[in-house]
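Residue numbers (the numbering used here), protein chains in the order written: chain W, 2 to 356; chain D, 2 to 356.
Accompanying notes for the structure given below.
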């Protein structure tokens with residue numbers, strides 16, 4: 002099966018990760034390689050968290066989390082207090098909102114340009130900063146609907162100008178494309194193991210500027226080595242073994258990002274030739290793409306399987322990953338899929354439209 | 002290798018879980034069996050969470066969490082507010098404290114009886130309740146050091162008398178022994194997939210009384226289906242697939258709990274014959290046991306490998322799970338280990354003492 006599901010293409014395990022999965026599948030077997038769960042007791046994990054990941058993310062300090070949403074909550078819960086405002090982009094994932102609500106924060110949104118490009122103009126943050134005095138600003142880079150990459154660097158300059166902590170949610174970038182927190186001027190960067198780092202879930206990475214060390218890594222009064230915000234340790238479980246096992250390949254694959262972008266642009270053009278319009282930024286700069294498919298929608302109105310026809314037709318052809326029931330609007334990802342297979346996907350869409 | 006590590010014996014995957022691990026290893030592949038992450042969109046997970054688990058735990062409602070510590074934090078964060086007091090047993094896991102600190106709560110401890118039994122008298126909660134007016138009481142059942150099982154049912158009556166929410170941390174009981182939240186009179190019960198439910202981590206289960214539904218399952222204003230405290234969904238990842246796959250066997254194994262207790266008591270007696278004293282409740286009622294081994298400590302003082310000698314000697318004999326460097330005090334678990342293997346462990350300790 003060719004899998005086009007955007008939340009799956011970046012999380013397919015490498016061979017090394019599959020081996021690690023089996024080796025460290027049992028509940029707490031990560032203990033087998035370490036006598037305890039303190040970072041200093043786990044040489045393999047310590048090197049990964051204290052050296053490899055900070056370099057990879059362009060961050061001073063990195064912590065593993067239980068996912069991108071948990072990382073967002075941890076930052077919000079530590080940096081802000083209930084009642085504070087957080088300014089986010091209008092394309093943000095829904096968990097940005099639930100994390101803010103869990104932390105008791107007021108969510109202010111920067112609106113996108115709407116159809117067809119749904120662009121976020123980061124300059125729009127400035128006016129909202131002046132009006133709402135936020136305790137945090139957040140940018141989704143890229144967002145998970147349109148795969149748009151807003152100008153994160155300019156937002157870094159705005160954050161600096163107003164001295165507001167700046168969090169970059171890179172769940173769809175960290176592990177797919179090169180990204181440096183410091184270059185973009187962010188205080189925090191978040192990645193997702195299962196979304197973009199060829200890892201089993203749930204696991205996330207949280208990079209931060211060292212100036213947040215005291216606040217983010219504040220220690221327990223009773224257990225002076227334990228970090229409160231991370232409940233002592235987030236190093237449990239099988240996912241961390243897969244994340245470490247895949248990392249050497251992930252580090253390599255981001256170097257081929259240009260090819261992924263080229264492939265996505267070509268795919269978008271071929272889809273448009275079929276009357277299926279790509280929404281979001283053009284020319285596109287990410288493998289995650291959103292399509293508006295009026296011709297498929299028209300077929301669904303008359304097809305005996307109704308709006309589920311596309312799902313079944315693609316499945317028959319060995320293609321999966323577009324949400325069942327969608328025909329007019331859907332998203333997909335071309336990440337890591339060879340060009341000849343994408344050619345086959347295009348041909349399949351053509352056949353479906355023609356018959 | 003015979004593995005005596007208390008945090009590992011209950012988390013060894015069943016064959017079904019190993020198959021699930023491989024099948025659902027890729028990042029978000031749990032999506033393959035569901036079109037979305039809403040409970041109602043995932044028939045297999047819905048049945049598990051909405052029907053099987055509540056019955057198993059004696060709870061009205063169950064939610065999956067990212068671990069026992071996250072479940073404790075979720076309850077504390079929802080039920081109490083910063084500055085409130087929580088009364089906990091003195092044998093509690095350290096994450097009870099970090100979770101309370103993360104939620105801004107004041108931790109009051111019920112002291113144990115100390116050496117040798119380290120018992121918690123739940124009647125001691127009553128005086129502290131009167132003095133501190135807590136917003137929550139918590140009992141670890143059993144604790145992870147001595148494997149003591151305090152009188153959870155009497156504490157349920159005390160909780161009811163003072164109308165205080167009562168949380169039972171069953172990380173070492175749920176999945177090992179029969180446990181019913183309702184029978185014990187608790188408002189919440191927590192289990193750990195990787196510790197005691199033959200699952201990969203990180204995953205936990207949180208059972209609750211339906212009277213907490215409004216507070217615990219409060220919804221997002223912007224996304225009325227999404228539960229804020231759980232950040233929308235905790236169903237991501239590979240661990241849930243292993244938890245579900247192992248569940249039929251876990252449900253069966255708790256029926257053999259009497260045999261596990263009998264085996265543990267026999268093991269304790271055999272160790273005592275060697276001069277290695279079992280601390281904690283006697284007669285013991287759990288597979289997790291804490292030992293004080295003066296004879297081994299004496300050897301370590303003169304042994305060229307020092308305090309690491311026991312670890313290496315046991316390893317040579319194919320026995321693992323006692324923390325390297327410990328000789329005088331250590332804990333171990335006999336859960337799921339056949340009697341003839343435990344006999345071999347006893348013989349090995351004897352040989353180590355004799356040579």
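Ideal Cβ positions, reconstructed from N, Cα and C, are used throughout, including at glycine.
- Between the segment 147 to 156 of chain W and the segment 170 to 188 of chain W there are three or more inter-stretch CB-CB distances shorter than 8 Å, so the stretches are counted as touching.
- For residue 191 of chain W, no CB of chain D lies under 7 Å from its own CB, so it is not counted at the interface with that chain.
- Not flagged as an interface residue toward chain D: residue 87 of chain W, since no C-beta distance is shorter than 7 Å.
- Nearest Cα to residue 279 of chain D within the set D:137, D:332, D:344, D:52: D:332.
- Taken in chain order, the complete alpha helix (DSSP H) segments of 4 residues or longer contained in the segment 204 to 241 of chain D are 214 to 217.
- Within chain D, not a single residue places a beta-carbon under 7 Å from that of residue 205 of chain W; the smallest gap is close to 10 Å.
- Each residue's CA atom was taken as its position, placing residue 351 of chain D and residue 335 of chain D some 17 Å apart.
- The beta-carbon of residue 27 of chain D is placed less than 7 Å from the nearest beta-carbon of chain W.
- In this structure residue 92 of chain W touches residue 144 of chain W by the C-beta definition: roughly 3 Å separates them, less than 8 Å.
- Between residue 148 of chain W and residue 287 of chain W, the C-beta gap is smaller than 7 Å, which places the two residues in contact.
- Under the Cβ distance rule, residue 224 of chain D counts among the residues neighbouring chain W, one pair being separated by less than 7 Å.
- For the options D:17, D:239, D:88, the alpha carbon positioned closest to that of residue 203 of chain D is the one of D:239.
- Two segments are said to touch when three or more pairs of C-beta atoms, one from each, lie closer than 8 Å; by this definition the segment 75 to 86 of chain D touches the segment 104 to 121 of chain D.
- Residue 178 of chain W and residue 260 of chain W have their alpha carbons spaced roughly 11 Å apart.
- The alpha carbon of residue 206 of chain W has as its nearest neighbour, out of W:302, W:175, W:250, W:345, the alpha carbon of W:175.
- Counting only runs of 3+ residues, the beta strand (DSSP E) found wholly inside the segment 87 to 139 of chain W occupies 107 to 111, in chain order.
- One Cα belongs to residue 95 of chain W, the other to residue 114 of chain W, and the distance between them is close to 19 Å.
- Out of D:19, D:160, D:20, D:118, the CA that lies nearest to the CA of residue 88 of chain D is found in D:160.
- Shown in chain order are the members of the segment 58 to 77 of chain W whose Cβ falls below 9 Å from a Cβ of chain D: 67, 68, 70, 71, 73, 74.
- Residue range 310 to 317 is occupied by the alpha helix (DSSP H) that includes residue 310 of chain D, with no beta strand (DSSP E) assigned at that position.
- Interface criterion not met: the Cβ of residue 211 of chain W is under 7 Å from no Cβ in chain D.
- Shortest Cα-Cα distance from residue 246 of chain W to any of W:8, W:5, W:15, W:50 involves W:15.
- For residue 62 of chain W, the enclosing beta strand (DSSP E) stretches over residues 62 to 66.
- Residue 196 of chain D is positioned such that its CB atom lies closer than 7 Å to that of residue 11 of chain D.
- For residue 185 of chain W, the enclosing alpha helix (DSSP H) has its first and last residue at 182 to 185.
- Using beta-carbon distances, residue 102 of chain D counts as an interface residue toward chain W, with a partner under 7 Å.
- Closest by C-alpha distance to residue 253 of chain D, out of D:301, D:61, D:316, D:198, is D:198.
- Here residue 248 of chain W carries a helix assignment [DSSP, helix/strand/coil].
- In the structure shown, residue 192 of chain W adopts extended strand secondary structure according to DSSP, grouped into three states.
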